[in-house]
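Visitor: Below you'll find the structure I mean.
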Amino acid sequence: MQSRWDIGEPEPRTINKATEQLKSELLTLNMGPQHPATHGVLRIEIWTDSEVVAHAIPHLGYLHRCMEKHSENMDYRAVIPFVDRLDYLAAMNMEWNYVMAVEKMLGTEVPRRAELLRIMVAELQRIGSHLMAFGTYALDLGAFTPFLYAFDYREKILRLFEEVSGARLLYNYYWIGGLWNDWTDDQLDRVAHFCDEMEEEAKKYHELVSMNKIFVERTANVGVMSVQDCFDFGATGPVLRGAGFKWDLRKNKTYGLYNEFDFDIPIGTGEQGVPGDCWNRYIVRMKEVVESIKIIRQCLEKLEPGSVMAKVPKIIKLPKGEVYVRTECPRGELGMHLVAQEGEKSPYRLKVKSPCFTHVSMLPRVAPGQMIADFVASVGSIDIVLGEVDR
Amino acid sequence: MHKELVDLINSNIPEAKAVFNEATDPKADASITVEASSILKLASWLRTNDHMPFNVLQCISGVDYLEYMEVCYILAHFDLNTPRELILKVKLTDRVNPNLDSIVEVYPAADFQERECYDMFGVSFNNHPDHRRILCPDDWKGFPLRKDYVPAKDYNGMLVYPDNKMNFEDREFIVRQNMIKKAQEKASES
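First to last, the protein sequences are chains H and C.
The first sequence begins at 1042 in our numbering and counts up one residue at a time.
The second sequence begins at 2 in our numbering and counts up one residue at a time.
Here is the structure:
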């Protein structure tokens, strides 16, 4: 079968009379698998024509850990730690999706306090994940300072999570039927305090990076993904919103108790550059941090004492059938297709539709014609986590 | 929504022979099953029709049911007023060498998804522009997510799965062995 990358002889470029007679050919360059700008172990084969990228071919699978196969041999409860390790920067959001899929089949009513705490924790995790995206993106573009600021504040979130769940990165905190542990009043006060601090801090980030001349020059009008491109490739999350389409599952196909909350969906408006470029994707994330703070504050107001765990059978067995549950994660829409057989203790099949996997498939569309440095900016702006791409 | 869509499909593309699968349990999701040969025509109709379009392909997931292979296309419509989603199923009776038409020309998102389906289940897609494995290495043998998959003892001459390092009392090991036995029995019956 003919591969699509067989493009034949490249057209000779004529710069001036002296180089007209020279033969030109594409140079193959491997970006990764050990490359700081790929945020993990992604290898991108780039065909370059001098400094310009002609093709980019992503090669995945360096972090493939057979998570879908493993989960077919595990109890429904024992899958949760595996799900954690998908997107290790937003483990709470991953757990929530899986737990919701099982609860939907089981028909469990989750207590109100647990639902509210779940939203609060997920939004805290979203802030943490966006801070990481902000820091590493600036790092990709050569600015080291924002990374340190971002990690300082992400650390505060991790400290809180460590107190309630016992782990810093991979929590196993959302359980089927509720949460493992309740938050104390003292911890909730600290969340409120964190919100106040974070709001001030977010303004500082805008001054430091968002409107910085160098940053805008590097990102505005670079790596444009239009709304149509996003629909073609199934891109979601900040990539779709950055292109100017106001789509957020928390509002458009609401789950949990999100319908009780009042918040906006930020979209890329083209304040700098055009909607769909790297700068707009970046600014959507930064504005979402502020929206998340709003949601957390409303959560704290709504919280009432109560149980955080529903009654769930000791051995979970689901009825025959399948569900597809999707939620809005920091990187886009996560979907889980869970197929259950009657009387089985483990899932018959668990397919994870990961947002980053679809975003990586857009890179060959974006790359041609970009400079290599701009391509690095494009890869960074979709904020990939390879644990989720390779599963 | 599903029943309406089944009628629409059958009136527009009669060869699809769409069947509505009611959820076996009230809490589970319903789905639609169509004929495998019509998938490309159906996909382009689903994307472009005026009555009930689906503008995004979310994912393609395979399920090995031992007697047959099933490929699930999960489609969604991103619209601010009428969001919807659909599980579209295709039943492949040839479980050993399953074969389907590629829908990459309709939904470019299918590119990576079909490669993953091939990698994990061995479903080959006709006219796919870049038909390779995606997560496993190119020289990997077997299709890991099939129920009767037995991991090879060696890979490229390296012993990776030696007997003396195996924990035969591990629960995961026992469950997997039972599943492989079940799958092989079913295969020999048919």
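For each residue, glycine too, the CB sits at the ideal point set by N, CA and C.
All values derive from a computational prediction rather than experimental measurement.
Please identify, using Cβ separations under 8 Å, the residues of the region 1350-1366 of chain H that lie next to chain C, in order along the chain.
Guide: The residues in question are Pro1360, Lys1361, Gly1362, Glu1363, Val1364 and Tyr1365.
Visitor: Establish whether the CB of Met1042/H and some CB of chain C are separated by less than 7 Å.
Guide: Here the question's residue 1042/H lines up with position 1 in the first sequence. For Met1042/H, the pLDDT reaches just 47, beneath the cut-off of 50, and the residue's location in the model is therefore unreliable, leaving the point undetermined.
Visitor: For Trp1088/H, write down the residues that DSSP places opposite it in a beta bridge.
Guide: Looking up residue 1088/H in the first sequence gives position 47. Trp1088/H pairs with Thr1069/H and His1096/H.
Visitor: Compute the distance between the beta-carbons of Ile1087/H and Leu1104/H, then report whether it is under 7 Å.
Guide: Position 46 of the first sequence, counting from 1, holds the residue named residue 1087/H. Position 63 of the first sequence, counting from 1, holds the residue named residue 1104/H. Contact flag unset, no.
Visitor: Assuming Lys1392/H is part of the alpha helix (DSSP H), what are its boundary residues?
Guide: As a working mapping, residue 1392/H is identified with position 351 in the first sequence. Run containing Lys1392/H: none in the alpha helix (DSSP H); it sits in the beta strand (DSSP E), Arg1390 to Lys1394.
Visitor: Tell me which residues share the same chain as Asn1138/H and place their Cβ nearer than 7 Å to its Cβ, disregarding the 5 neighbours each side in the sequence.
Guide: Residue numbering aside, residue 1138/H sits at position 97 when the first sequence is read from its first letter. Only Val1366, Thr1368, Leu1375 and Met1377 meet the Cβ criterion.
Visitor: For a cutoff of 7 Å on Cβ pairs, would you count Lys1292/H as touching chain C?
Guide: For the purposes of this step, residue 1292/H is taken as residue 251 along the first sequence, with counting starting at 1. No, Lys1292/H lies away from the interface with chain C (no Cβ there is under 7 Å from its Cβ).
Visitor: Under a Cβ-count criterion, where at least 16 other Cβ atoms within 10 Å of its own Cβ denotes burial, should Pro27/C be classed as buried or exposed?
Guide: Reading the second sequence from its first residue, position 26 is the one you call residue 27/C. The residue in question, Pro27/C, is exposed, as its Cβ has fewer than 16 Cβ neighbours within 10 Å.
Visitor: What residue range does the beta strand (DSSP E) around His78/C cover?
Guide: The residue labelled residue 78/C in the question sits at position 77 within the second sequence. Per DSSP, His78/C belongs to the beta strand (DSSP E) from Met70 to His78.
Visitor: In angstroms with no decimal places, state the Cα-to-Cα distance between Arg1349/H and Lys1335/H.
Guide: Residue mapping note: residue 1349/H aligns to position 308 of the first sequence, counting from 1. Residue mapping note: residue 1335/H aligns to position 294 of the first sequence, counting from 1. Note on residue identity: the sequence assigns Val, not Arg, to residue 1349/H. Straight-line Cα distance between these residues: approximately 23 Å.
Visitor: Excluding the five sequence neighbours on either side, which residues of its own chain have a C-beta within less than 6 Å of the C-beta of Asp65/C, listed in chain order?
Guide: One-based indexing of the second sequence puts residue 65/C at position 64. Excluding positions up to five away in sequence, the list reads Arg147 and Lys148.
Visitor: When you compare each of Glu1429/H, Lys1292/H and Tyr1246/H to Val1393/H by their alpha carbons, which one comes out closest?
Guide: The residue given as residue 1393/H occupies position 352 in the first sequence. Answer by Cα proximity: Glu1429/H.
Visitor: Measuring only the C-alpha atoms, how far is His1247/H from Glu1240/H?
Guide: As a working note, residue 1247/H is residue 206 in the first sequence. As a working note, residue 1240/H is residue 199 in the first sequence. One C-alpha to the other measures close to 11 Å.
Visitor: Starting from Leu1083/H and walking both ways along the beta strand (DSSP E), at which residues does that stretch end?
Guide: Here residue 1083/H is taken as the residue at index 42 of the first sequence, counted from 1. First-last for Leu1083/H: undefined, no H or E at that position.
Visitor: If you measure from the beta carbon of Asp140/C to each beta carbon in chain H, is any gap under 7 Å?
Guide: Your numbering for residue 140/C matches position 139 in the second sequence. Judged by the 7 Å Cβ criterion, Asp140/C is not in contact with chain H.
Visitor: Could you give the distance in angstroms between the alpha-carbon of Lys1197/H and the alpha-carbon of Pro1074/H?
Guide: To locate residue 1197/H, count along the first sequence from 1; it is residue 156. To locate residue 1074/H, count along the first sequence from 1; it is residue 33. Cα to Cα, Lys1197/H sits roughly 31 Å from Pro1074/H.
Visitor: I want to see whether chain H comes within less than 7 Å of Gln59/C, judged by CB atoms only; does it?
Guide: By 1-based counting over the second sequence, the position of residue 59/C is 58. With 7 Å as the cut-off, Gln59/C counts as an interface residue toward chain H.
Visitor: 7 Å is my cut-off, CB to CB: does Arg177/C come that close to chain H?
Guide: As a position in the second sequence, residue 177/C is number 176, starting the count at 1. By this cut-off, Arg177/C is an interface position.
Visitor: Where does Met1042/H land, buried or exposed, given buried means 16+ other C-beta within 10 angstroms?
Guide: Here residue 1042/H is taken as the residue at index 1 of the first sequence, counted from 1. Here Met1042/H scores only 47 on pLDDT, less than 50, and its place in the model should not be relied on; the value that follows carries that caveat. Exposed, by the Cβ-count rule.
Visitor: Can you grab the Cα-Cα spacing for the pair Pro54/C / Lys1386/H, in whole Å?
Guide: As a working mapping, residue 54/C is identified with position 53 in the second sequence. As a working mapping, residue 1386/H is identified with position 345 in the first sequence. Roughly 38 Å separates the two Cα atoms.
Visitor: Just the C-alpha distance for Val105/C and Asp112/C, rounded to the nearest angstrom, thanks.
Guide: To locate residue 105/C, count along the second sequence from 1; it is residue 104. To locate residue 112/C, count along the second sequence from 1; it is residue 111. C-alpha separation (whole angstroms): 6 Å.
Visitor: If the cut-off is 9 Å on Cβ atoms, which residues from the region 38-60 of chain C count as contacting chain H, listed in chain order?
Guide: If the cut-off is 9 Å between Cβ atoms, the region 38-60 of chain C has Asn56, Val57, Leu58, Gln59 and Cys60 near chain H.
Visitor: I'd like to know if Lys1274/H contacts chain C, where contact means its C-beta is closer than 7 Å to some C-beta of that chain.
Guide: Translated into the one-based positions of the first sequence, residue 1274/H becomes position 233. First, the residue type needs correcting, since residue 1274/H is Phe and not Lys in the sequence shown. So, interface residue.
Visitor: Helix, strand or coil: which one does DSSP assign to Met1042/H?
Guide: The residue you call residue 1042/H lines up with position 1 of the first sequence. Note that Met1042/H scores a pLDDT of 47, beneath 50, so its modelled location is shaky and nothing firm can be said.
Visitor: Do Glu5/C and Ala17/C have their C-beta atoms closer together than 7 Å?
Guide: Position 4 of the second sequence, counted from the start, is the residue given in the question as residue 5/C. Position 16 of the second sequence, counted from the start, is the residue given in the question as residue 17/C. In this structure, Ala17/C does not lie closer than 7 Å to Glu5/C by Cβ.
Visitor: Where does Asp102/C sit, in a helix, a strand or coil, going by DSSP?
Guide: As a first step, residue 102/C must be located in the second sequence, where it is residue number 101. Asp102/C falls in the strand class under three-state DSSP.
Visitor: Is Thr1149/H helix, strand or coil when you go by DSSP?
Guide: Counting from 1 along the first sequence, the entry for residue 1149/H is found at position 108. Three-state result, Thr1149/H: coil.
Visitor: Tell me whether Met1252/H sits in a helix, a strand or coil according to DSSP, three-state version.
Guide: Taking the first residue of the first sequence as 1, we reach residue 1252/H at position 211. Met1252/H falls in the coil class under three-state DSSP.
Visitor: What span of residues does the alpha helix (DSSP H) with Gln114/C cover, start to end?
Guide: As a first step, residue 114/C must be located in the second sequence, where it is residue number 113. Residues Ala111 to Phe122.
Visitor: In this structure, does DSSP put Gln1269/H in helix, strand or coil?
Guide: Stepping through the first sequence from its first residue, residue 1269/H is reached at position 228. DSSP places Gln1269/H in helix when its eight states are reduced to three.
Visitor: By DSSP, does Trp1216/H sit in helix, in strand, or in coil?
Guide: As a first step, residue 1216/H is located in the first sequence; it is residue number 175 there, counting from the start. Here Trp1216/H sits in strand by DSSP.
Visitor: From the DSSP output, which residues share a beta bridge with Cys1319/H?
Guide: For the purposes of this step, residue 1319/H is identified with residue 278 of the first sequence, where counting begins at 1. Paired residues: none, contrary to the question.
Visitor: Shorter than 7 Å from the beta carbon of Asp222/C to some beta carbon of chain H?
Guide: What the structure shows of chain C is the stretch from 2 to 191, and residue 222/C is not part of that stretch, so it cannot be assessed.
Visitor: Comparing C-alpha positions only, which one of Val1426/H, Gly1410/H, Cys1319/H and Met1115/H sits nearest to Cys1370/H?
Guide: Locating residue 1370/H in the first sequence gives position 329, counting from the first residue. Comparing Cα positions, the closest option is Val1426/H.
Visitor: Given a cut-off of 7 Å on the beta-carbon distance, is the pair Gly1362/H and Ala24/C in contact?
Guide: Looking up residue 1362/H in the first sequence gives position 321. Looking up residue 24/C in the second sequence gives position 23. Yes, these two residues count as a Cβ contact at 7 Å.
Visitor: Please compile the residues from chain H whose C-beta is within a distance smaller than 7 Å of the C-beta of Pro15/C.
Guide: Walking along the second sequence from the start, residue 15/C turns up at place 14. Those do not exist, as Pro15/C stays about 27 Å from chain H at its closest Cβ, beyond 7 Å.
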